[in-house]
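Have a look at the structure below before the remarks.
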Amino acid sequence: MNPSSLHADCFMCGLEQSEETAVVFQDPLWSGELVPGYDVPGWFVLRARRHAERITGLDDAELASFGRRARDLVAAVTEVTGAPATYLMVFGENHPHFHALVTARDEQVPADRRSGDILRLRTERADPEAAARLVPAVRRAYERLAGSDAYPLPA
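If you want this note's numbering, it's the 1-based position in the sequence shown plus 35.
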């Protein structure tokens with residue numbers, strides 16, 4: 036990672052310094068990890084490793100790989116948590132650095148906390164220790180799914 040591609044005052048860029056125990060995967064373009072303040076069990080962030088604002092700020096290589104990374108992280112989180120729904124959300128208002136929030140939604144989440152309202156659980160269900168305990172299993176599932184032919188590319 037080229038340090039000049041990061042912004043010192045960007046929260047998401049600062050995650051380049053995350054503890055390895057919080058990271059599900061990193062490649063040259065993307066990182067999937069736990070994020071302080073969003074540490075609900077089953078919640079992860081997929082973020083561009085260089086500072087890029089909005090999806091329109093991604094370069095061709097990032098665009099070409101985003102879908103696969105998102106699919107594999109969502110699949111790994113869903114597999115490990117057993118969630119009946121796993122959301123992939125992109126906002127970017129609070130942290131203007133391209134990232135997607137992956138949120139597993141279990142059966143116990145009431146109707147008024149589903150869809151976009153799931154973000155209310157950010158404080159209601161924050162549990163950093165429980166969130167961290169999921170990382171190794173999600174990492175193993177991600178590595179298996181991302182490295183397999185589970186999703187063959189069309190010919």
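C-beta atoms are modelled at their ideal positions from N, C-alpha and C, and glycine is treated no differently.
The structure displayed is predicted, hence computed values, not measured ones.
Coarse secondary structure for residue i, derived from DSSP in three states
i, result
"Ser53", "coil"
"Gly151", "helix"
"Cys45", "coil"
"Gly67", "strand"
"Gly92", "helix"
"Ala146", "helix"
Whole-number beta carbon distance between residue j and residue i, since they are thought to touch under 8 Å
i, j, result
"Ala166", "Pro76", "5 Å"
"Leu81", "Arg106", "In fact, because the Cβ distance is near 10 Å, the residues do not count as touching under 8 Å."
"Leu136", "Tyr177", "About 16 Å separates the two Cβ atoms, so there is no contact after all."
Residue i, enclosing beta strand (DSSP E) - first and last residue
i, result
"Thr138", "His134 to Arg140"
"Tyr122", "Ala120 to Met124"
"Arg82", "Trp78 to Ala83"
"Tyr61", "Contrary to the premise, residue 61 reads as Gln rather than Tyr in this sequence. It spans Val58 to Gln61 - the beta strand (DSSP E) in which Gln61 sits, taken as one unbroken run."
Alpha carbon of residue i to alpha carbon of residue j, nearest angstrom
i, j, result
"Glu51", "Asp152", "29 Å"
"Ala146", "Gly117", "18 Å"
"His134", "Arg160", "21 Å"
"Asn129", "Arg85", "17 Å"
"Arg140", "Tyr122", "8 Å"
"Glu68", "Phe79", "5 Å"
"Cys48", "Glu142", "33 Å"
"Asp95", "Phe101", "10 Å"
"Arg179", "Thr158", "32 Å"
"His132", "Gly182", "27 Å"
"Ala87", "Pro119", "32 Å"
"Gln61", "Val144", "30 Å"
"Thr113", "Pro63", "24 Å"
"Asp162", "Ala83", "25 Å"
"Thr138", "Leu156", "10 Å"
"Ser53", "Arg175", "19 Å"
"Ile90", "Ala111", "23 Å"
"Ser40", "Arg148", "37 Å"
First and last residue of the uninterrupted alpha helix (DSSP H) at residue i
i, result
"Ser100", "Asp95 to Thr116"
"Glu178", "Pro163 to Ala181"
"Glu159", "Leu156 to Glu159"
Any C-beta of chain C under 7 Å from that of residue i
i, result
"Leu41", "No chain C appears in this structure, which consists of one protein chain only."
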